[in-house]
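K.L.:
Residue numbers (the UniProt record's numbering): 1 to 164.
Printed below as a string of structure tokens:
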């Protein structure tokens, strides 16, 4: 089996490199109202796996305290014509599975997943991570949760800047 990279795989290669990030979590969406935003910083190292996948390993502080390591895999499935991937973090035991698509501007990748509600793991919710390239050296990732009110609520925003 030998898969040749498609244009969609090429898009993922824009993520490859060394990055710093500044993270802001809006705790109201995850733990309740009247909670202040929390900030943290970190780094991310993204490498290509055969030109078909990217593997991103993040290190840094978690809003609310504690160090964390995260690992994201992203690829493109030509059969499904969808972006696919996973995300895991050292702070939880849940494996997040992504299914997504690139917008028509080729700047915004929206990844959908389902997982535990952060305030109670007994319940699940729909999530959406959005990766938007502002330039080749700056990207923003926002994370949203679909609330009981039927609205998407942003709970995290991370600004990634490529290391010189």
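Glycine included, C-beta positions come from ideal geometry on N, C-alpha and C.
Short of 6 angstroms in beta carbon distance, which residues of its chain neighbour residue 15, apart from the five on each side in sequence? Order them along the chain.
P.N.:
These residues qualify, in order along the chain: 46, 54.
K.L.:
Using alpha carbons as the reference points, say which of 90, 140, 164 lies closest to residue 156.
P.N.:
Among 90, 140, 164, the Cα nearest to that of residue 156 belongs to 140.
K.L.:
Under 8 angstroms, with one C-beta from each stretch per pair, do the region 117–125 and the region 70–88 reach the 3-pair mark?
P.N.:
No: the two stretches stay apart, fewer than three of their Cβ pairs being nearer than 8 angstroms.
K.L.:
Mind reading off the beta-carbon distance from residue 44 to residue 58? Whole number of angstroms is fine, and I expect it under 8 angstroms.
P.N.:
Yes, residue 44 and residue 58 are in contact; Cβ-Cβ is about 4 angstroms, under 8 angstroms.
K.L.:
Which ranges would you report for the alpha helix (DSSP H) in the region 40–68 if only whole runs of at least 4 residues count?
P.N.:
For the region 40–68, not a single whole alpha helix (DSSP H) run of length 4 or above is found.
K.L.:
Using a threshold of 8 angstroms, state whether the C-beta atoms of residue 132 and residue 112 are closer than that.
P.N.:
Contact: no.
K.L.:
Work out the CA separation of residue 143 and residue 153 for me, nearest whole Å.
P.N.:
For residue 153 and residue 143, the distance between alpha carbons rounds to 8 angstroms.
K.L.:
Going by the DSSP bridge assignment, what does residue 117 pair with across the sheet?
P.N.:
120, per the DSSP bridge assignment.
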